[in-house]
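What follows is a short report on a single structure.
2 protein chains.
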Amino acid sequence: MSVTTPQGFRAAGVEAGLKTSGGKDVALVVNDGPTHDSATVFTANRCKANPVLWSQEVVKDGTVRAVVLNSGGANCYTGPDGFQTTHAVAEQVADHLGIGAIDVVVCSTGLIGLANDRAQLLAGVDAAYAALGPDGGQDAAEAIMTTDSVSKQVVVEGAGWTIGGMAKGAGMLAPQLATMLVVLTTDAVVPAADLDTALRAATRVSFDRLDSDGCMSTNDTVTVMASGASGITPSLDDFTEALTQACTDLAMQLLKDAEGADHEIAITTINAATEDEAVEVGRSVARSNLFKAAVFGNDPNWGRVLASIGTTSARFDPADLDVAMNGVWVCRQSTPHADPTEVDLTGREVSVTIDLKSGTERATVWTNDLTHGYVHENSAYSS
Amino acid sequence: MSVTTPQGFRAAGVEAGLKTSGGKDVALVVNDGPTHDSATVFTANRCKANPVLWSQEVVKDGTVRAVVLNSGGANCYTGPDGFQTTHAVAEQVADHLGIGAIDVVVCSTGLIGLANDRAQLLAGVDAAYAALGPDGGQDAAEAIMTTDSVSKQVVVEGAGWTIGGMAKGAGMLAPQLATMLVVLTTDAVVPAADLDTALRAATRVSFDRLDSDGCMSTNDTVTVMASGASGITPSLDDFTEALTQACTDLAMQLLKDAEGADHEIAITTINAATEDEAVEVGRSVARSNLFKAAVFGNDPNWGRVLASIGTTSARFDPADLDVAMNGVWVCRQSTPHADPTEVDLTGREVSVTIDLKSGTERATVWTNDLTHGYVHENSAYSS
Chain F
10 MSVTTPQGFR AAGVEAGLKT SGGKDVALVV NDGPTHDSAT VFTANRCKAN
60 PVLWSQEVVK DGTVRAVVLN SGGANCYTGP DGFQTTHAVA EQVADHLGIG
110 AIDVVVCSTG LIGLANDRAQ LLAGVDAAYA ALGPDGGQDA AEAIMTTDSV
160 SKQVVVEGAG WTIGGMAKGA GMLAPQLATM LVVLTTDAVV PAADLDTALR
210 AATRVSFDRL DSDGCMSTND TVTVMASGAS GITPSLDDFT EALTQACTDL
260 AMQLLKDAEG ADHEIAITTI NAATEDEAVE VGRSVARSNL FKAAVFGNDP
310 NWGRVLASIG TTSARFDPAD LDVAMNGVWV CRQSTPHADP TEVDLTGREV
360 SVTIDLKSGT ERATVWTNDL THGYVHENSA YSS
Chain B
10 MSVTTPQGFR AAGVEAGLKT SGGKDVALVV NDGPTHDSAT VFTANRCKAN
60 PVLWSQEVVK DGTVRAVVLN SGGANCYTGP DGFQTTHAVA EQVADHLGIG
110 AIDVVVCSTG LIGLANDRAQ LLAGVDAAYA ALGPDGGQDA AEAIMTTDSV
160 SKQVVVEGAG WTIGGMAKGA GMLAPQLATM LVVLTTDAVV PAADLDTALR
210 AATRVSFDRL DSDGCMSTND TVTVMASGAS GITPSLDDFT EALTQACTDL
260 AMQLLKDAEG ADHEIAITTI NAATEDEAVE VGRSVARSNL FKAAVFGNDP
310 NWGRVLASIG TTSARFDPAD LDVAMNGVWV CRQSTPHADP TEVDLTGREV
360 SVTIDLKSGT ERATVWTNDL THGYVHENSA YSS
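Taken in sequence, the protein lines are chains F and B. Under the working numbering, the residues of the first sequence are numbered 10 to 392, in order. Under the working numbering, the residues of the second sequence are numbered 10 to 392, in order.
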């Protein structure tokens with residue numbers, strides 16, 4: 010049930026003293042091959058953290074042999090010295106494994122604007138290397154947690170091959186990735202170019218459609234490594250489907266653990282002219298603080314849904330929009346329809362359906378409600 | 010100190026029973042001339058309320074003789090019947106004044122998706138007409154309040170002419186206008202085309218740069234009427250300057266009364282390549298829930314400022330950004346500089362300065378912090 014479930018991978022998670030709260034904080038995932046194909050997507054934020062600047066170079070040739078991750082410090086906005094720390098970490102991992110540093114992806118998460126203690130981090134790398142094992146997935150998943158309340162892992166079985174994965178992230182979940190680190194592993198034989206195609210297809214409909222608070226992080230990284238240890242080459246369609254399933258599963262785990270949230274909200278836009286327009290409409294609602302606060306108050310406030318739709322450039326007739334909440338069509342033709350008191354929002358899961366009546370495309374965007382817990386955690390936690 | 014301070018205007022504010030909380034809820038502002046030039050800007054939201062749909066037609070010829078406003082119901086998403094209510098209100102005002110309904114702007118604010126009682130509203134119009142007087146400005150300003158805790162008014166004196174104004178709005182303050190109704194009056198002689206030029210210039214740097222919670226309302230209307238009663242024709246520059254001063258003053262009153270806010274935050278972007286890019290950068294920070302929650306917690310979290318800047322398309326070097334909070338340069342060259350503990354955020358007014366080092370343009374965007382009060386008011390108030 011982890012990144013070490015597929016054959017050909019070892020992992021570890023150890024305590025290096027980086028987290029002021031204590032606990033494991035350095036993770037290492039190693040691909041022992043025989044193949045070392047990989048693909049990675051990064052945050053779209055232009056202000057990127059040092060590990061992202063480093064790893065962007067690492068992944069260019071499609072070969073990644075190890076991913077080293079730390080919590081307790083994002084190494085972001087720490088200048089050239091911070092970049093040297095990232096480089097030193099990659100070198101240390103490479104020295105232990107007898108590989109080149111340029112095949113080592115580095116990920117960091119935690120406070121930004123604070124430099125990690127380099128010696129402490131390197132000692133953590135030594136300890137993680139020493140602890141590497143075929144059952145280390147769980148420890149690795151725990152070592153990347155920050156404000157996460159639970160570790161997030163997934164396994165998807167193919168025909169003779171497997172995908173494993175782990176993720177962290179509980180806030181700043183936003184489009185084009187989130188404060189989110191994800192490592193996926195597979196023992197299928199998948200060339201780097203196909204991995205890239207599959208990963209982009211999978212993230213487009215999973216992590217990219219998670220918009221917890223509209224904020225975009227600086228460190229987000231999703232890496233998939235293929236060891237080829239199963240000896241089986243799945244079709245690209247089959248592999249993409251399985252990878253999408255793994256990414257969606259992890260994305261839902263992130264959504265459910267979003268900071269301070271009381272509700273998970275799925276906003277599905279149907280009958281849109283294009284899928285992009287469906288996403289734009291869903292995202293506009295997912296970013297409405299007024300709507301999200303209403304859901305927190307168990308108030309099926311469809312007026313705030315329409316007001317958000319009206320800010321988009323999607324095609325629709327403003328006088329002919331239908332909106333359902335938890336299956337009750339509270340708005341038809343942009344006017345009140347079913348009695349909103351029929352909508353029960355006391356459960357955690359909330360669905361919003363928006364009928365644009367402009368085409369045949371659809372998309373779902375996921376978000377959380379805006380709660381006192383969110384305000385509390387993000388005013389008290391300096392990250 | 011109101012819309013009736015300039016010569017040539019009468020106003021009234023009366024209680025028609027529309028507000029469940031009680032209090033004045035119908036306002037009328039009449040321009041007795043001799044001129045009836047006007048200009049109006051509306052919400053950019055494509056899902057517009059019925060009064061906006063009506064008033065868009067009214068203002069096309071540059072002539073407005075009266076503005077009738079009600080709180081206690083926004084007449085939004087109420088369908089053709091709601092439009093007929095708006096039309097009936099304009100007709101009733103026109104009948105009393107012996108003018109055409111097509112010269113009567115109608116504004117509504119309050120709950121959306123709920124139809125106002127037409128008979129009640131029309132009775133309110135009768136009462137407002139009966140109460141019209143040259144000192145009715147204060148009553149009118151009170152009658153348009155919803156969650157506002159205070160009425161908002163302004164007077165700006167020119168050389169022999171005057172501008173008066175009133176506004177309502179305490180939430181959903183966002184670009185391209187807000188949940189905001191504004192009526193401005195002047196006794197200067199200003200042709201409609203010049204009023205339009207001046208009003209667009211004034212709103213562009215005032216109401217349009219207020220972004221309290223990123224949400225855009227459905228009813229926003231800003232109307233200026235010129236009676237010409239002073240007989241004085243100011244230069245367009247002088248008039249635009251005075252109108253900008255009036256709009257900025259009202260915008261700051263709206264900002265200070267934003268729902269549940271503990272801080273007013275002025276985000277000034279300097280040395281931008283263009284003014285538009287400076288606005289884009291300021292707006293991105295104003296919309297960061299994470300940054301706004303940090304300010305609520307008195308935490309000078311400049312990392313969240315940089316993360317927001319990174320989501321924009323403005324020109325800058327991600328490794329060379331400077332950020333000051335309340336005058337303390339906590340970040341230079343995208344790395345930590347002054348000790349953040351030097352920043353005192355306990356006062357209500359917070360300034361953020363962002364140096365993009367890409368040009369010579371600048372702009373200020375205003376917002377509020379994200380507080381428990383905001384979440385409470387917007388989860389409990391069904392609007």
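In this text, a Cβ means the ideal position worked out from N, Cα and C, and glycines have one as well. Values in this document were obtained by computation on a predicted structure and should not be read as measured data.
Closer than 8 Å, CB to CB, is F/A295 near chain B or not?
What you label residue 295 of chain F is simply residue 286 of the first sequence in a count that begins at 1. It does not; no Cβ of chain B falls within 8 Å.
Among the candidates F/D348, F/P243, F/T188, F/M189, whose CA atom is the shortest distance from the CA of F/L204?
Here residue 204 of chain F is taken as the residue at index 195 of the first sequence, counted from 1. Comparing Cα-Cα distances from F/L204 to each of F/D348, F/P243, F/T188, F/M189, the minimum goes to F/P243.
Please report how far the alpha carbon of F/S236 lies from the alpha carbon of F/Q16, in whole angstroms.
On the first sequence, position 227 is the one that residue 236 of chain F refers to. On the first sequence, position 7 is the one that residue 16 of chain F refers to. Their backbone Cα atoms lie some 7 Å apart in a straight line.
Mind listing the chain B neighbours of F/C56? Cutoff is C-beta to C-beta under 8 Å, in chain order.
Taking the first sequence and counting its residues from 1, the one referred to as residue 56 of chain F is at position 47. Neighbours of F/C56 on chain B, chain order: L315, A316, I318, G319, P327, L330, S343.
When you check each C-beta in the region 201-227 of chain B against every C-beta of chain F, which residues fall closer than 8 Å?
D222, G223, C224, M225, S226, T227
Report buried or exposed for B/T195, applying the criterion of at least 16 other Cβ atoms within 10 angstroms of its Cβ.
In the second sequence, counting from the first residue as 1, residue 195 of chain B sits at position 186. Its Cβ being crowded by 16 or more others within 10 Å, B/T195 is buried.
Report the residues of the region 353-385 of chain F with a CB closer than 9 Å to any CB of chain B, ordered along the chain.
D378, L379, T380, H381, Y383, V384, H385
Please list the terminal residues of the continuous alpha helix (DSSP H) segment that includes F/C256.
Here residue 256 of chain F corresponds to residue number 247 of the first sequence, with the count starting at 1. Run containing F/C256: 245-265, per the alpha helix (DSSP H) assignment.
So B/I363 packs on B/V304, CB below 8 Å; how close in whole Å?
Indexing the second sequence from 1 puts residue 363 of chain B at position 354. Indexing the second sequence from 1 puts residue 304 of chain B at position 295. Contact flag wrong, Cβ pair sits at about 15 Å.
Could you compute how far the alpha carbon of F/V214 sits from the alpha carbon of B/N307?
Looking up residue 214 of chain F in the first sequence gives position 205. Looking up residue 307 of chain B in the second sequence gives position 298. Taking the straight line from one Cα to the other gives about 37 Å.
Any contact between the region 322-332 of chain F and the region 18-29 of chain B? By contact I mean 3 or more CB pairs, one from each, below 8 Å.
no
Using a Cβ distance threshold of 8 Å, determine whether the region 46-53 of chain B contacts the region 81-100 of chain B, with at least three qualifying pairs required.
no
Spatially closest choice to B/G273 from B/D220, B/M225, B/M234, B/Q254, by CA coordinates
Translated into the one-based positions of the second sequence, residue 273 of chain B becomes position 264. In the sequence as presented, Gly is not what sits at residue 273 of chain B; that position holds Glu. Nearest option by C-alpha distance: B/D220.
How many Å lie between B/L120 and B/T227 at the Cα?
Residue numbering aside, residue 120 of chain B sits at position 111 when the second sequence is read from its first letter. Residue numbering aside, residue 227 of chain B sits at position 218 when the second sequence is read from its first letter. About 11 Å.
Against chain B, with Cβ distances strictly below 8 Å, would F/I121 count as a contact?
On the first sequence, position 112 is the one that residue 121 of chain F refers to. Yes, contact with chain B.
Return the chain-ordered list of same chain residues with a C-beta closer than 6 Å to the C-beta of B/G336, the five sequence neighbours on each side being excluded.
Against the second sequence, residue 336 of chain B aligns to sequence position 327. So no residue of the chain qualifies.
Contact with chain F by B/F51, beta-carbon distance below 8 Å
Taking the first residue of the second sequence as 1, we reach residue 51 of chain B at position 42. It does not: the Cβ of B/F51 has no partner Cβ on chain F nearer than 8 Å.
Check each candidate in B/A150, B/N298, B/V198, B/S117 and name the one with the smallest Cα separation from F/M225.
Reading the first sequence from its first residue, position 216 is the one you call residue 225 of chain F. It is B/N298.
Kindly indicate which residue of B/L37, B/A251, B/D271 has the alpha-carbon position closest to the one of B/G167.
For this step, residue 167 of chain B is matched to residue 158 along the second sequence. Closest by alpha carbon: B/A251.
Beta-bridge pairing of B/M175 - partner residues as DSSP gives them
Numbered from 1 along the second sequence, position 166 holds the residue referred to as residue 175 of chain B. Answer is B/Q162, B/V192.
Which of helix, strand or coil does DSSP assign to F/G142?
The residue you call residue 142 of chain F lines up with position 133 of the first sequence. In the structure shown, F/G142 sits in a strand (DSSP, three-state: E or B).
Taking the DSSP output, what are the residues bridged to B/P349?
Taking the first residue of the second sequence as position 1, residue 349 of chain B is located at position 340. Paired residue(s): none; B/P349 is not in a bridge.
How would you list, in chain order, the residues of chain B whose beta-carbon sits under 7 Å from the beta-carbon of F/T87?
What you label residue 87 of chain F is simply residue 78 of the first sequence in a count that begins at 1. The answer, in chain order, is T344.
Can you confirm whether B/N84, when its beta carbon is compared against all beta carbons of chain F, has any partner nearer than 8 Å?
Translated into positions along the second sequence, residue 84 of chain B becomes position 75. Output row for B/N84: interface = no.
Measure the C-alpha to C-alpha separation of F/V411 and F/G133 and round it to an integer number of angstroms.
There is no way to answer for residue 411 of chain F, as the model of chain F reaches only from 10 to 392.
Identified DSSP bridge partners for F/S117:
Here residue 117 of chain F refers to the residue found at position 108 of the first sequence. In the DSSP output, where bridge partners are listed per residue, F/S117 has F/N79.
Determine the burial state of B/E358: buried for a count of at least 16 other Cβ atoms within 10 Å of its Cβ, exposed for fewer.
Indexing the second sequence from 1 puts residue 358 of chain B at position 349. Exposed, because fewer than 16 other Cβ atoms sit within 10 Å of the Cβ of B/E358.
Straight-line CA distance for F/N280 to F/L365?
As a position in the first sequence, residue 280 of chain F is number 271, starting the count at 1. As a position in the first sequence, residue 365 of chain F is number 356, starting the count at 1. Near 5 Å, if we compare the C-alpha coordinates of F/L365 and F/N280.
Residues from the region 270-293 of chain F in contact with chain B, defined by Cβ distance under 8 Å
none
Closest Cα partner of F/E100 within the set F/G122, F/Y86, F/V76, F/G88:
The count along the first sequence starts at 1 and reaches residue 100 of chain F at position 91. The candidate whose alpha carbon is nearest that of F/E100 is F/V76.
Buried or exposed for F/M181, please, with buried defined as at least 16 other CB atoms from any protein chain shown within 10 angstroms of its CB.
Counting from 1 along the first sequence, the entry for residue 181 of chain F is found at position 172. Summary for F/M181: the model assigns pLDDT 49, below 50, so the residue's position carries little reliability, and this model does not support an answer.
Exposed or buried, what is F/A128 when buried is set at 16 or more other beta-carbons lying within 10 Å of its beta-carbon?
Taking the first sequence and counting its residues from 1, the one referred to as residue 128 of chain F is at position 119. Counting Cβ neighbours within 10 Å, F/A128 comes out exposed, since fewer than 16 surround it.
Would you mind sorting B/S322 into buried or exposed? The rule is 16 or more other CB atoms within 10 Å of its CB.
Sequence index remark: in the second sequence, residue 322 of chain B carries index 313 (1-based). Per the 10 Å Cβ criterion, exposed.
By Cβ distance below 8 Å, which residues in the same chain neighbour B/L354 in space, the five residues on each side in sequence not counted?
In the second sequence, the residue the question calls residue 354 of chain B occupies position 345. Excluding positions up to five away in sequence, the list reads H272, V304, N307, D308, P309, M334, N335.
For B/P43, which residues of its own chain have a beta-carbon under 6 Å away from its beta-carbon, when the five flanking residues on both sides are left out?
Translated into positions along the second sequence, residue 43 of chain B becomes position 34. The answer, listed in chain order, is G237.
When the cut-off is 8 Å and only beta carbons count, does F/N79 lie next to chain B?
As a first step, residue 79 of chain F must be located in the first sequence, where it is residue number 70. Taking Cβ atoms only, chain B never reaches closer than 8 Å to F/N79, which makes this a no.
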